[in-house]
Amino acid sequence: MRFSLCAVLLAFACSDAQPKLKLRDDACTKQRDCAYGLDCADDGKGKKTCQFHSFGDCEGDGTQPGPDGQPQCLNSYKCRDNHCTVQCAGHKDCKEGEICRVGLCQKGGNASTQCYDNRDCPYPESCYYGQCVTHAANQRCVSDLDCGPALRCINAVCQ
């Protein structure tokens, strides 16, 4: 009995049973189904799909000054459908030769690298919202573990 239970647990641990994160316009049932920068929201047709999270309202490309004289969208965000959003939620949102890493289009890299935890990523990369990333200064983070050596996560930015 003990052997068969161990075999079942080992088989489950080695299986690829974890779901892939959904991209923009993919059907979802809960928030954690969606990739970084996306919300699981009603699409207006009675279905829930992953849609860009809004970080505020904007007009044009979002770089024009708002009423307070500051740009409407924060640096590294994009004005999309009158809402400030991350630049990308998947590689298809970036230009040729760029990949989406934690909401930012960056040159180079492996567009197929997806992860579920840090063990899925080559050193010194770590898994962040389903993508293997190397955090450098000025990149977004949740904790110090998301940042590279000698960097700390301060106000959600590696510094």
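Numbering (the working numbering), first residue to last: 2 to 160. Here a beta-carbon is modelled for each residue, glycine too, at the ideal position from N, C-alpha and C. Owing to the predicted nature of the structure, the values given are computational and were not obtained by experimental measurement.
Note: residue 49 is bridge-paired with 43 in the DSSP secondary-structure output.
Residue 98 sits exposed, since fewer than 16 C-beta atoms from the chains shown fall within 10 Å of its C-beta. Annotation for residue 84: the continuous beta strand (DSSP E) segment containing it runs 84 to 87. The residues 72 and 73, in chain order, have a CB closer than 8 Å to that of residue 65 in the same chain once the five nearest residues on each side in sequence are set aside. With contacts defined as CB atoms closer than 8 Å, residue 146 and residue 127 qualify as a contacting pair.
Under the three-state reduction of DSSP, residue 93 is assigned to helix. Secondary structure of residue 58 (DSSP, three-state): strand. Taking the C-beta atoms as reference points, residue 59 is found nearer than 8 Å to residue 85. DSSP places residue 105 within a strand segment (E or B) once states are collapsed to three. Nearest to residue 106 by alpha-carbon distance, out of 28, 27 and 38, is 38.
By the Cβ neighbour-count rule, residue 79 is buried, with 16 or more other Cβ atoms within 10 Å of its own.
Burial is judged here by how many other beta carbons sit within 10 angstroms of a residue's own beta carbon; residue 48 has fewer than 16 and is exposed.
Under the three-state reduction of DSSP output, residue 32 falls in the helix class. As DSSP reads the structure, residue 21 sits in no beta bridge. Using a 10 angstroms sphere on the CB of residue 91, the tally of other CB atoms reaches 16 or more, which defines it as buried.
Between the alpha carbons of residue 25 and residue 43 lies a distance of about 13 Å. Counting along the chain, the unbroken beta strand (DSSP E) around residue 132 starts and ends at 132 to 134.
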